[in-house]
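S.K.:
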Amino acid sequence: MADVDEPKVVEDLGLDLSLKKKKKKSKTPDAESTPEPTVDDDEDMLAGLKKKKKKSKDASAKADGVDEVTDAFDDLKLKKKKKKKATVIDDFDAQLEKAGVLDDDNKENSPEAAEIPGETTSIKYEDLLHRFFNILRENNPELAGGSGSKLKVPPPVCQREGNKKTLFANVQEIAAVLQRNPEHIIQYLFAELGTSGSIDGQKRLIMRGRFQPKHIENVLRRYIAEYVTCETCKSMNTELKRESANRLHFIVCKACGSTKSVSSIKTGFQAHVGRRKK
Amino acid sequence: MSSIENLKSFDPFADTGDDDTQPTNYIHIRIQQRNGRKTLTTVQGLPDEYDLKKITKVLKKDFACNGNIVKDEELGQVIQLQGDQRLKVMEFLTSQLALQKKNIKIHGF
Chain A
1 MADVDEPKVV EDLGLDLSLK KKKKKSKTPD AESTPEPTVD DDEDMLAGLK
51 KKKKKSKDAS AKADGVDEVT DAFDDLKLKK KKKKKATVID DFDAQLEKAG
101 VLDDDNKENS PEAAEIPGET TSIKYEDLLH RFFNILRENN PELAGGSGSK
151 LKVPPPVCQR EGNKKTLFAN VQEIAAVLQR NPEHIIQYLF AELGTSGSID
201 GQKRLIMRGR FQPKHIENVL RRYIAEYVTC ETCKSMNTEL KRESANRLHF
251 IVCKACGSTK SVSSIKTGFQ AHVGRRKK
Chain C
1 MSSIENLKSF DPFADTGDDD TQPTNYIHIR IQQRNGRKTL TTVQGLPDEY
51 DLKKITKVLK KDFACNGNIV KDEELGQVIQ LQGDQRLKVM EFLTSQLALQ
101 KKNIKIHGF
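Going line by line, the protein sequences match chains A and C. Under the working numbering, the residues of the first sequence are numbered 1 to 278, in order. Under the working numbering, the residues of the second sequence are numbered 1 to 109, in order.
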């Protein structure tokens with residue numbers, strides 16, 4: 001259960017800066033793998049046609065395909081296999097077209113490389129981009145959207161203490177990750193769950209009532225949304241400060257420096273549960 | 001003076017009308033655990049113009065649960081319902097009483 005929940009927490013809580021990077025990473029190998037085999041064709045065509053534009057190139061590519069079709073037909077001359085071959089070649093055509101499109105993209109990105117027929121071995125845009133990001137990552141990883149800034153909140157560890165109590169083992173750890181006072185988190189937990197509890201000798205939290213890790217995870221998520229994340233930059237690198245002058249709590253963001261006042265935790269109405277007093 | 005077009009620009013300090021600064025009285029819907037796997041839903045902070053007694057009656061019938069109104073010194077009247085009725089209460093308040101969703105807070109796990 002806890003194992004399944006873990007990545008979700010991380011994804012939701014952490015900033016999704018890495019998404020950007022992932023996209024780029026996944027894109028570059030694709031782009032590199034697909035155009036390369038077609039480069040030779042392209043160069044041949046360039047040698048042949050030189051300054052003709054994209055569309056004519058596509059057409060020529062198609063013509064090549066057609067030639068191959070006819071060749072294939074000549075070779076085989078079997079009526080039953082014709083259809084199969086034709087479909088295969090259609091696929092091939094589609095692939096060629098795709099390759100053509102990709103090549104066009106390449107050219108749009110690096111027009112100079114395509115324009116100059118003599119320099120066929122010029123560096124491709126993807127390679128340059130790759131190189132740039134590698135260097136950027138080496139020298140200052142923060143700018144490259146490094147995943148180091150991502151906060152990893154450990155999933156709550158819950159055990160049942162007897163029949164009616166829940167032991168929340170890693171409050172201290174979570175509080176340390178969130179840079180919050182554990183007391184504050186505990187207060188919030190009690191207010192939200194409508195229970196009470198205490199801290200045992202090993203600084204674990206014992207709550208009255210039965211709670212599952214996913215319940216506590218939900219509450220923690222709301223706590224983070226309300227008291228941890230910076231509204232301005234969505235960073236979780238924040239600090240909770242209490243201004244003694246006006247007795248208000250403020251979130252001070254360490255990343256962007258903005259402050260935001262937050263309401264204090266209110267317990268609200270507590271219904272009387274259990275045995276009635278006389 | 002007013003012939004100069006630039007001076008007739010809008011007043012940046014005028015009220016835009018859609019200010020969220022008005023004091024929002026949140027409606028809190030909470031859940032409490034009772035003995036065993038039984039729970040209790042409390043609805044706190046309903047506006048005074050509604051007749052709580054009638055609302056409770058309808059809620060009880062709709063959700064097929066028991067419920068009652070508890071008077072609290074600080075928090076006013078609170079509706080108590082048996083069982084976890086949080087989402088249903090939320091749905092009822094938004095659809096039947098036309099209360100805004102942003103003014104309703106659901107607490108608990």
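We put the CB at the ideal spot given by N, CA and C, even for glycine.
Report, in whole angstroms, the separation of the C-beta atoms of A:Leu-189 and A:Val-157, which I expect to be a contact under 8 Å.
M.R.: Within the first sequence, the letter at position 189 stands for residue 189 of chain A. Within the first sequence, the letter at position 157 stands for residue 157 of chain A. The pair is not a contact, with the Cβ atoms about 14 Å apart (cut-off 8 Å).
S.K.: In chain order, what residues of the same chain lie with their CB nearer than 6 Å to the CB of C:Leu-99, ignoring the 5 residues before and after it?
M.R.: As a position in the second sequence, residue 99 of chain C is number 99, starting the count at 1. Cβ neighbours of C:Leu-99 beyond the five flanking positions: Leu-93.
S.K.: So, does the CB of C:Val-70 fall closer than 9 Å to a CB anywhere in chain A?
M.R.: As a first step, residue 70 of chain C is located in the second sequence; it is residue number 70 there, counting from the start. It does: the Cβ of C:Val-70 has a partner Cβ on chain A nearer than 9 Å.
S.K.: By DSSP, does A:Lys-254 sit in helix, in strand, or in coil?
M.R.: The residue labelled residue 254 of chain A in the question sits at position 254 within the first sequence. It is coil, neither helix nor strand.
S.K.: Excluding the five sequence neighbours on either side, which residues of its own chain have a C-beta within less than 6 Å of the C-beta of A:Lys-241, listed in chain order?
M.R.: Here residue 241 of chain A refers to the residue found at position 241 of the first sequence. The answer, listed in chain order, is Phe-250 and Val-252.
S.K.: Any C-beta of chain C sitting closer than 9 Å to the C-beta of A:Thr-34?
M.R.: Counting from 1 along the first sequence, the entry for residue 34 of chain A is found at position 34. At A:Thr-34, the pLDDT of 44 sits below 50, so the modelled position is not reliable and the matter cannot be decided from this model.
S.K.: CB-CB under 8 Å to A:Arg-160, same chain, minus the five flanking residues each way: which ones, in chain order?
M.R.: For the purposes of this step, residue 160 of chain A is taken as the residue at position 160 of the first sequence. Contacts found: Thr-166, Leu-167 and Arg-210.
S.K.: For C:Val-58, is the classification buried or exposed, using 16 other Cβ atoms within 10 angstroms of its Cβ as the cut-off for buried?
M.R.: Taking the second sequence and counting its residues from 1, one reaches residue 58 of chain C at position 58. Exposed, by the Cβ-count rule.
S.K.: Would you say A:Gly-268 lies against chain C (beta-carbon separation less than 9 Å)?
M.R.: The residue given as residue 268 of chain A occupies position 268 in the first sequence. Taking Cβ atoms only, chain C reaches closer than 9 Å to A:Gly-268, which makes this a yes.
S.K.: Output the distance between the C-alpha atoms of A:Lys-266 and A:Ala-191, rounded to the nearest integer angstrom.
M.R.: Locating residue 266 of chain A in the first sequence gives position 266, counting from the first residue. Locating residue 191 of chain A in the first sequence gives position 191, counting from the first residue. The straight-line gap from Cα to Cα measures roughly 7 Å.
S.K.: The alpha helix (DSSP H) spanning A:Ser-198 covers which residue range?
M.R.: Taking the first sequence and counting its residues from 1, one reaches residue 198 of chain A at position 198. Careful: A:Ser-198 lies outside any alpha helix (DSSP H), inside the beta strand (DSSP E) at 197-199.
S.K.: Find the nearest neighbour of A:Gln-172 within the set A:Ser-264, A:Asp-200, A:Gly-162 and A:Leu-136, judged by alpha-carbon distance.
M.R.: Within the first sequence, numbered from 1, the residue matching residue 172 of chain A stands at position 172. Closest option to A:Gln-172, Cα to Cα, is A:Asp-200.
S.K.: Between A:Ile-185 and the rest of its own chain, which residues show a CB-CB distance below 6 Å, the 5 nearest in sequence each way excluded?
M.R.: Stepping through the first sequence from its first residue, residue 185 of chain A is reached at position 185. Cβ within range, chain order: Ala-175.
S.K.: Does DSSP put C:Asn-68 in a helix, a strand or coil?
M.R.: Here residue 68 of chain C corresponds to residue number 68 of the second sequence, with the count starting at 1. Here C:Asn-68 sits in strand by DSSP.
S.K.: On a Cα-Cα basis, can you pick out the residue from C:Phe-63, C:Leu-87 and C:Lys-71 that is closest to A:Gln-270?
M.R.: Indexing the first sequence from 1 puts residue 270 of chain A at position 270. It is C:Lys-71 whose Cα lies nearest to the Cα of A:Gln-270.
S.K.: Below 9 Å between beta carbons: does that hold for A:Met-236 and A:Leu-193?
M.R.: Taking the first residue of the first sequence as position 1, residue 236 of chain A is located at position 236. Taking the first residue of the first sequence as position 1, residue 193 of chain A is located at position 193. Going by C-beta atoms, A:Met-236 is not nearer than 9 Å to A:Leu-193.
S.K.: C:Leu-52: which of C:Ile-31, C:Gly-76, C:Met-90 and C:Thr-39 sits nearest, CA to CA?
M.R.: Here residue 52 of chain C refers to the residue found at position 52 of the second sequence. Closest by alpha carbon: C:Gly-76.
S.K.: Helix, strand or coil for A:His-301 per DSSP?
M.R.: Absent from the structure is residue 301 of chain A, since the part of chain A shown begins at 1 and ends at 278.
S.K.: What's the C-alpha gap between C:Ile-31 and C:Asp-48?
M.R.: Against the second sequence, residue 31 of chain C aligns to sequence position 31. Against the second sequence, residue 48 of chain C aligns to sequence position 48. Going by the C-alpha atoms only, they are around 22 Å apart.
S.K.: Within 9 Å of any Cβ in chain C, is that where the Cβ of A:Lys-214 sits?
M.R.: On the first sequence, position 214 is the one that residue 214 of chain A refers to. Yes, its Cβ sits closer than 9 Å to a Cβ of chain C.
S.K.: Contact criterion: CB-CB distance below 9 Å. Does C:Asn-35 meet it with respect to chain A?
M.R.: Within the second sequence, residue 35 of chain C is the residue found at index 35, counting from 1. Yes, C:Asn-35 lies at the interface with chain A (some Cβ there is under 9 Å from its Cβ).
S.K.: Since C:Asn-68 and C:Gln-85 should fall inside the 8 Å C-beta cutoff, what is the C-beta to C-beta distance between them, to a whole number of angstroms?
M.R.: Translated into the one-based positions of the second sequence, residue 68 of chain C becomes position 68. Translated into the one-based positions of the second sequence, residue 85 of chain C becomes position 85. About 13 Å; that fails the 8 Å criterion.
S.K.: Going by Cα to Cα distance, which pick from C:Gly-108, C:Glu-91 and C:Phe-109 is closest to C:Lys-101?
M.R.: For the purposes of this step, residue 101 of chain C is taken as residue 101 along the second sequence, with counting starting at 1. Cα-wise, what sits closest to C:Lys-101 is C:Glu-91.
S.K.: Kindly indicate if chain C contains any beta-carbon less than 9 Å away from that of A:Glu-161.
M.R.: Translated into positions along the first sequence, residue 161 of chain A becomes position 161. Answer no: the Cβ-Cβ gap between A:Glu-161 and chain C never drops below 9 Å.
S.K.: Who are the neighbours of C:Gln-32 on chain A, taking C-beta pairs under 9 Å?
M.R.: In the second sequence, counting from the first residue as 1, residue 32 of chain C sits at position 32. Leu-193, Gly-194, Thr-195, Gly-209, Gln-270, Ala-271 and Val-273, listed in chain order.
S.K.: Using 8 Å for Cβ pairs, my map puts A:Lys-260 next to A:Glu-231. What's the rounded Cβ distance?
M.R.: The sequence position of residue 260 of chain A within the first sequence is 260, counting from 1. The sequence position of residue 231 of chain A within the first sequence is 231, counting from 1. Correct: roughly 5 Å between the Cβ atoms.
S.K.: Over what stretch of residues does the alpha helix (DSSP H) that includes A:Gln-187 continue unbroken?
M.R.: Stepping through the first sequence from its first residue, residue 187 of chain A is reached at position 187. Per DSSP, A:Gln-187 belongs to the alpha helix (DSSP H) from 182-193.
S.K.: Give every residue of the same chain whose Cβ lies closer than 8 Å to the Cβ of A:Ile-206, excluding the five residues on either side of it in the sequence, and list them in chain order.
M.R.: Here residue 206 of chain A refers to the residue found at position 206 when the first sequence is read from its first residue. Excluding sequence neighbours, A:Ile-206 sits near Glu-161, Lys-165, Thr-166, Leu-167, Phe-168, Gly-197, Ser-198, Ile-199 and Asp-200.
S.K.: Label C:Gln-44 either buried or exposed according to how many other C-beta atoms from any shown protein chain fall within 10 Å of its C-beta, with 16 as the threshold for buried.
M.R.: Numbered from its first residue, the second sequence carries residue 44 of chain C at position 44. Buried, since its Cβ has 16 or more Cβ neighbours within 10 Å.
S.K.: With respect to the alpha helix (DSSP H) encompassing A:Glu-161, which residues constitute its N-terminal and C-terminal limits?
M.R.: Within the first sequence, numbered from 1, the residue matching residue 161 of chain A stands at position 161. A:Glu-161 -> not in any alpha helix (DSSP H); beta strand (DSSP E) instead, spanning 158-161.
S.K.: Is A:Phe-132 helix, strand or coil when you go by DSSP?
M.R.: Within the first sequence, numbered from 1, the residue matching residue 132 of chain A stands at position 132. A:Phe-132: helix per DSSP, three-state reduction.
S.K.: Please identify the residue among C:Lys-60, C:Val-78 and C:Leu-46 whose C-alpha is closest to the C-alpha of C:Asn-103.
M.R.: Against the second sequence, residue 103 of chain C aligns to sequence position 103. It is C:Leu-46.
S.K.: If the cut-off is 8 Å on Cβ atoms, which residues from the region 42-68 of chain C count as contacting chain A, listed in chain order?
M.R.: Listed by position, the residues of the region 42-68 of chain C near chain A (Cβ gap below 8 Å) are Thr-42 and Gln-44.
S.K.: Please list the terminal residues of the continuous alpha helix (DSSP H) segment that includes A:Ser-173.
M.R.: For the purposes of this step, residue 173 of chain A is taken as the residue at position 173 of the first sequence. With the sequence shown as reference, residue 173 of chain A is identified as Glu, and Ser is not the correct amino acid for it. Its alpha helix (DSSP H) spans residues 171-178.
S.K.: Excluding five sequence neighbours on each side, which residues of the same chain lie with their C-beta closer than 8 Å to the C-beta of C:Asn-25?
M.R.: By one-based count along the second sequence, residue 25 of chain C stands at place 25. The residues are Gly-45, Pro-47 and Asn-103.
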